[in-house]
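Visitor: The structure under discussion is supplied below as structure tokens; questions concerning it will follow.
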Amino acid sequence: MADAPALPFDFAGIHLDPGQGLARQLYRALRERILDGRLPGGVRLPASRDLAQRLGVSRNTVMRAFEQLHAEGYVDGRTGDGTYVGGFASAPKAPRPSAARWPSGAGLARAREHARPPLRSGPPRAFRVGVPAFDLFPFDTWSRLQARFWRKPPPEALGYGDPAGDAQLRELIAAYLRTARGLHCDPAQVVITCGAQQAIGLCAQLLLDPGDRVAVENPGYRAAAHAFTLAGARLCGVALDADGLDTAELARLPDCRLVYLTPSHQYPTGVTLSLARRLELLEWAERSDGWILEDDYDGEYRYDGTPLAPLAALDRQGRVLYVGTFCKIAFPALRLGYLVLPAHLAEVFARRRSADMRHSEVGTQAVMAAFIAEGHFQRHVRRMRQAARARRDALLRGWPQDIAGCAALPPVAAGLHLCVRVESLARERELIAAAESVGVELNGLSEYWLEDGAPAAECRAGLVLGFAAVPEAAIGEALAALRRAWR
Ligand SMILES: Cc1ncc(COP(=O)(O)O)c(C=O)c1O
């Protein structure tokens, strides 16, 4: 065989896999070289016959690759004179990873520094925090309602909808809050969101200017704190005591614009904000022209006593924004929650949402509305509460006694998790690592603190345990494993 003619460029890097479309691979390889400037504008490509011979493919393959490049404007064909790379500017070269500079921009920088990695995922395990008993969700009913909606969706539901959310769902939420939480509101005050997190993020975007001070419970829900930091706010951790957030400390913060808190069941310590503190908070908001963001993330789970009315139900000045979610009563991936806003804020919140994402997906909202209207939701809430109580009891009953350096478990009157103190950070780490080695998931209380306003490192230690994620039998097995691991 005669020697292949010398080609003007280096085609050595082009390796075509005979198991896949050859013309497509060749087209991509040439396009990449044209775009990154290795084949500059005006350069003549080798004759199709030479290239085919060099690459060991048929001439037809090369012709098809050239045709595609020609159709997309990467090359020009001149009759009788071969194929030339077009004269456009090549795409900017991608920097080598080592030389890559982070692009400027305050938003990007904040996101890089402060956005948190996603929460733990995978199948639920004992003692994952933030996860309800979604093994009990009535998927048969849900799928029947889904099928009914999608079999014949009302045409008016298929265009652009109200950014505040499905009207029927908002009415049902308002009615539910009236009966279940003693919160009287107009459906026009309700804005549907993609879970509590988006509700918190919207408040951060709309109520804060960069540099504003925001008070958060310390320890507290770090994902909320991150939403405020991403909006450019300055976080101030406020201490808790047996009555909840220390309002005297809040009052001493200069120029605080917003306070975020979980009054019904503080996350993660489990304290309930006392009535006196609730009234002081409302006074603070009025006096300092501040906002109160009330996160009622697990309000459905109350096992003893009558719950206190939400702050929003006591608010006469339009200072409280109330966040609710379906993710703790159904399952987190549903991404469905809501805000109850002071009446004058509802429209602007809806407009802001419209700019972000128009509105939430129509099917989930309509199906949740049917789920509530037909009584499934209320039944499910009762069932979930019972299950969570039984799972709580399994944990309290079976928890190993006398673990060195670990306090006794506290009574648990609400929610899906509990928090127990540990004598030191080293011991916290030890207990968590030993649990992990036998497949049991525990969270360190030390992860929930902000540096600002936190007590000495040794006082931050503890364990946070979610008890609702798995049934009693699995809780029993996890406890047996812990006993072995901690012996
Ligand atoms: C205090 C608190 N608020 C809000 C949420 C998040 O709710 P959602 O899944 O609806 O965003 C959680 C999740 O664990 C939480 O612990």
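Going letter by letter, the sequence shown gives residues 1 to 487 in the numbering used here. Ideal placement from N, C-alpha and C gives every residue a C-beta, glycine not left out.
1. Hey, which residues come within less than 6 Å of ligand 1, measuring from Cβ to any heavy atom, in chain order?
2. Assuming W291 is part of the beta strand (DSSP E), what are its boundary residues?
3. Buried or exposed, going by whether 16 or more other CB atoms sit within 10 Å of the CB of G165?
4. Say yes only if the C-beta of A457 is nearer than 7 Å to one or more non-hydrogen atoms of ligand 2, and no if none qualify.
5. Does the stretch 270 to 287 come close enough to the stretch 352 to 359 to have 3 or more Cβ pairs within less than 8 Å?
6. How far does the alpha helix (DSSP H) with E447 in it reach, from first residue to last?
7. Measuring only the C-alpha atoms, how far is A480 from P411?
8. Can you give, in chain order, each stretch of the alpha helix (DSSP H) that sits fully within the stretch 160 to 222 and has at least 4 residues?
9. Assign H359 to one of three DSSP states: helix, strand, or coil.
10. Just confirm the distance between the C-beta atoms of G466 and G130, as a whole number of angstroms; I'd bet it's less than 8 Å.
11. Mind the definition here: the stretch 297 to 310 touches the stretch 447 to 454 only if three or more C-beta pairs lie below 8 Å; say whether that holds.
12. By DSSP, does Y27 sit in helix, in strand, or in coil?
13. Based on the DSSP secondary-structure assignment, which residues constitute the bridge partners of A414?
14. Would DSSP call L250 helix, strand or coil?
15. Which one or two residues does DSSP pair with F127 in a beta bridge?
16. Tell me which same chain residues have a C-beta within less than 6 Å of the C-beta of A469, skipping the five on either side of it?
17. Tell me the residue span of the alpha helix (DSSP H) that contains D402.
18. Relative to the C-alpha of R351, which residue among F137, C203, R54 is closest?
19. Nearest-angstrom Cα distance between A2 and R49?
Guide: Let's see:
1. Selection output, chain order preserved: G130, G195, A196, Q197, Y221, T262, Y267, D295, Y297, T325, C327, P332, G337.
2. Annotation: the continuous beta strand (DSSP E) that includes W291 extends over 291 to 295.
3. With 16 or more other Cβ atoms from the protein chains shown falling within 10 Å of its own Cβ, G165 counts as buried.
4. You won't find ligand 2 in this model; what it holds is ligand 1.
5. As far as the Cβ criterion goes, the stretch 270 to 287 does not touch the stretch 352 to 359, which means the pair count is below three.
6. Premise fails: E447 is in no alpha helix (DSSP H) and is neither H nor E.
7. It is roughly 21 Å from the alpha-carbon of A480 to the alpha-carbon of P411.
8. For the stretch 160 to 222, whole alpha helix (DSSP H) runs of length 4 or above, ordered along the chain, are 167 to 181, 195 to 207.
9. Of the three classes helix, strand and coil, the one that applies to H359 here is coil, per DSSP.
10. Right, their Cβ atoms sit about 6 Å apart.
11. With a cut-off of 8 Å, the stretch 447 to 454 and the stretch 297 to 310 do not count as touching, because too few Cβ pairs lie within range.
12. In the three-state reduction of the DSSP assignment, Y27 falls in the helix class, which pools H, G and I.
13. According to DSSP, A414 bridges with R302.
14. If DSSP states are grouped into helix, strand and coil, L250 belongs with the helices.
15. In the DSSP assignment, the residues bridged to F127 are G466.
16. P124, R128, V131, listed in sequence order.
17. For D402, there is no enclosing alpha helix (DSSP H), as DSSP marks it with neither H nor E.
18. The shortest CA-to-CA distance from R351 to any of F137, C203, R54 is the one to C203.
19. For A2, the predicted structure reports a pLDDT of 45, less than 50, and the residue's modelled location is therefore unreliable. A value from the coordinates is still provided. Going from the Cα of A2 to the Cα of R49 covers about 13 Å.
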